[in-house]
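What follows is a set of notes on a single structure, which appears directly below.
Structure representation (structure tokens):
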């Protein structure tokens with residue numbers, strides 16, 4: 016396992032960083048990609064100090080030439096067995112009638128086209144290695160809600176990439192796994208969505224005793240990746256016990 020390589024996008028924080036720690040602990044050499052150099056360097060240092068192999072690489076997944084250059088960089092680092100398409104995010108809570116198209120474009124670029132760029136660039140390596148493509152979508156990719164149109168549309172796009180790719184690659188030695196988390200409390204997701212408003216971000220989780228953590232989702236990803244090679248977890252929805260759907264959440268007084 017020590018020579019098996021997993022590439023994680025959006026590895027600078029949250030689910031991406033937690034997934035890097037989990038897969039490193041499972042014996043994978045992890046390649047950490049994100050835009051924030053200081054964060055992925057710090058995480059790589061942490062993992063290296065713990066006896067793991069971690070390679071930081073600054074990357075914007077919406078920049079196709081940069082993604083292609085990254086794929087060429089991997090030529091010197093052996094096969095790639097796992098790609099975790101985690102980079103994503105939500106911006107704003109405006110209605111469809113009032114939303115800024117630029118916000119929708121940004122969300123589509125990272126959640127959908129970023130996943131497409133990385134998957135296209137690394138897919139030949141993943142097929143050669145009988146590997147696994149992880150698409151981290153969301154329950155937003157399975158059901159709509161008011162004020163989330165842009166993010167919902169983007170995550171529906173990510174869901175469709177996974178579903179279509181699985182059909183198109185049927186018979187090829189590669190797995191396409193979609194993980195769709197519900198309510199996850201991380202340090203940045205809600206804060207970014209509410210444009211830095213800490214009170215609004217915190218209110219998302221008010222009264223919810225135990226929302227999911229980044230490590231809960233990372234544990235789910237690691238479990239799916241480490242199933243026997245013939246076992247494909249097509250779609251795994253993971254929510255906290257308090258959340259029955261995007262709309263129904265138990266909140267304590």
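Residue numbers (our numbering): 16 to 268. From the three backbone atoms N, C-alpha and C, an ideal C-beta is built for every residue, glycine too.
- prompt: What are the complete beta strand (DSSP E) segments, minimum 3 residues, inside the segment 185 to 247?
  reply: Those beta strand (DSSP E) runs which fall completely within the segment 185 to 247 and span 3+ residues are 190 to 196.
- prompt: Given 8 Å as the limit, is there contact between the segment 27 to 42 and the segment 62 to 74, that is, 3 or more CB pairs closer than that?
  reply: Pairwise C-beta distances place the segment 27 to 42 in contact with the segment 62 to 74, as three or more of them are shorter than 8 Å.
- prompt: Would DSSP call residue 100 helix, strand or coil?
  reply: Along the chain shown, read from residue 1 onward, the residue named residue 100 stands at position 85. Reduced to three states, the DSSP call for residue 100 is strand.
query: Are there 16 or more other CB atoms within 10 angstroms of the CB of residue 183, so buried, or fewer, so exposed?
result: Residue numbering aside, residue 183 sits at position 168 when the chain shown is read from its first letter. Label assigned to residue 183: exposed.
message: DSSP has residue 21 in a bridge; who is on the other side?
response: Against the chain shown, residue 21 aligns to sequence position 6. Bridge partners of residue 21: 45 and 97.
message: Which same chain residues end up closer than 6 Å to residue 219 when comparing Cβ atoms and leaving out the 5 residues on each side of it in sequence?
response: What you label residue 219 is simply residue 204 of the chain shown in a count that begins at 1. Closer than 6 Å at the Cβ level, and outside the excluded window around residue 219, lie 205.
query: Tell me the DSSP bridge mates of residue 69?
result: Looking up residue 69 in the chain shown gives position 54. The partner list for residue 69 (beta bridge, DSSP) reads 45.
field: Exposure label - residue 59; buried when at least 16 CB within 10 Å
entry: Position 44 of the chain shown holds residue 59. With 16 or more Cβ atoms within 10 Å of its Cβ, residue 59 is classed as buried.
- prompt: Which term fits residue 154, buried or exposed, when burial requires 16 or more other beta carbons within 10 angstroms of its beta carbon?
  reply: Position 139 of the chain shown, counting from 1, holds the residue named residue 154. Label assigned to residue 154: buried.
- request: Work out the CA separation of residue 73 and residue 55 for me, nearest whole Å.
  value: Within the chain shown, residue 55 is the residue found at index 40, counting from 1. Within the chain shown, residue 73 is the residue found at index 58, counting from 1. If I take the Cα positions, the gap works out to 8 Å.
- request: Taking only the alpha-carbon atoms, compute the straight-line gap between residue 30 and residue 186 and give it to the nearest angstrom.
  value: Stepping through the chain shown from its first residue, residue 30 is reached at position 15. Stepping through the chain shown from its first residue, residue 186 is reached at position 171. In a straight line, the C-alpha of residue 30 is about 30 Å away from that of residue 186.
task: Tell me, to the nearest whole angstrom, how far the beta carbon of residue 105 is from that of residue 260; I am working on the premise that it is less than 8 Å.
output: On the chain shown, residue 105 is found 90 positions in, with the first residue counted as 1. On the chain shown, residue 260 is found 245 positions in, with the first residue counted as 1. Not really, about 18 Å apart at Cβ, beyond 8 Å.
query: Going straight from the alpha carbon of residue 255 to that of residue 144, what length do you get?
result: Numbered from its first residue, the chain shown carries residue 255 at position 240. Numbered from its first residue, the chain shown carries residue 144 at position 129. Straight-line Cα distance between these residues: approximately 34 Å.
message: Output needed for residue 160: all residues of its chain with C-beta closer than 8 Å, excluding positions within five of it in sequence on either side, in chain order.
response: Numbered from its first residue, the chain shown carries residue 160 at position 145. Answer for residue 160: 167, 261 and 262, listed in chain order.
- request: Take the Cβ of residue 213 as the centre, count every other Cβ of all protein chains shown within 10 Å, and call the residue buried at 16 or more, exposed below.
  value: Locating residue 213 in the chain shown gives position 198, counting from the first residue. Residue 213 should be labelled exposed.
message: What does DSSP give as the partner residue(s) for residue 317 in the beta ladder?
response: The question about residue 317 has no answer, for the chain in this structure spans 16 to 268.
Option in 84, 176 and 250 with minimal Cα separation from residue 127: Here residue 127 refers to the residue found at position 112 of the chain shown. Checked all of 84, 176 and 250; the closest Cα to residue 127 is 176.
message: Between which residues of its own chain and residue 63 is the CB-CB distance below 7 Å, once the five residues before and five after are set aside?
response: Locating residue 63 in the chain shown gives position 48, where the first residue counts as 1. Closer than 7 Å at Cβ, skipping near neighbours: 69.
message: To the nearest angstrom, how far is the alpha carbon of residue 170 from that of residue 136?
response: Numbered from 1 along the chain shown, position 155 holds the residue referred to as residue 170. Numbered from 1 along the chain shown, position 121 holds the residue referred to as residue 136. Take the alpha-carbon of residue 170 and the one of residue 136: they are about 21 Å apart.
query: Nearest CA to the CA of residue 148: which residue from 247, 114 and 162?
result: Stepping through the chain shown from its first residue, residue 148 is reached at position 133. The shortest Cα separation from residue 148 among 247, 114 and 162 belongs to 247.
message: Buried or exposed, going by whether 16 or more other CB atoms sit within 10 Å of the CB of residue 203?
response: Within the chain shown, numbered from 1, the residue matching residue 203 stands at position 188. With a threshold of 16 other beta carbon atoms within 10 Å, residue 203 falls short and is exposed.
message: Just to confirm before moving on: does the CB-CB distance between residue 26 and residue 47 stay below 8 Å?
response: As a working mapping, residue 26 is identified with position 11 in the chain shown. As a working mapping, residue 47 is identified with position 32 in the chain shown. Yes, Cβ-Cβ distance for residue 26 and residue 47 is below 8 Å.
- prompt: Quick one, which of 221, 113 and 207 has its alpha-carbon nearest residue 164's?
  reply: Walking along the chain shown from the start, residue 164 turns up at place 149. The option with the nearest alpha carbon to residue 164 is 113.
task: Taking all protein chains shown into account, decide if residue 266 is buried (16 or more other Cβ within 10 angstroms of its Cβ) or exposed.
output: Translated into the one-based positions of the chain shown, residue 266 becomes position 251. Burial is judged here by how many other beta carbons sit within 10 angstroms of a residue's own beta carbon; residue 266 has fewer than 16 and is exposed.
- request: Please classify residue 76: does DSSP put it in a helix, a strand, or coil?
  value: Along the chain shown, one-based indexing puts residue 76 at 61. Three-state DSSP puts residue 76 in coil, outside helix and strand.
Sequence-distant residues of its chain with Cβ nearer than 7 Å to residue 215 (five each side left out): One-based indexing of the chain shown puts residue 215 at position 200. When the five nearest sequence neighbours on each side are left out, the beta carbons in the same chain lying within less than 7 Å of the beta carbon of residue 215 are those of 209, in order along the chain.
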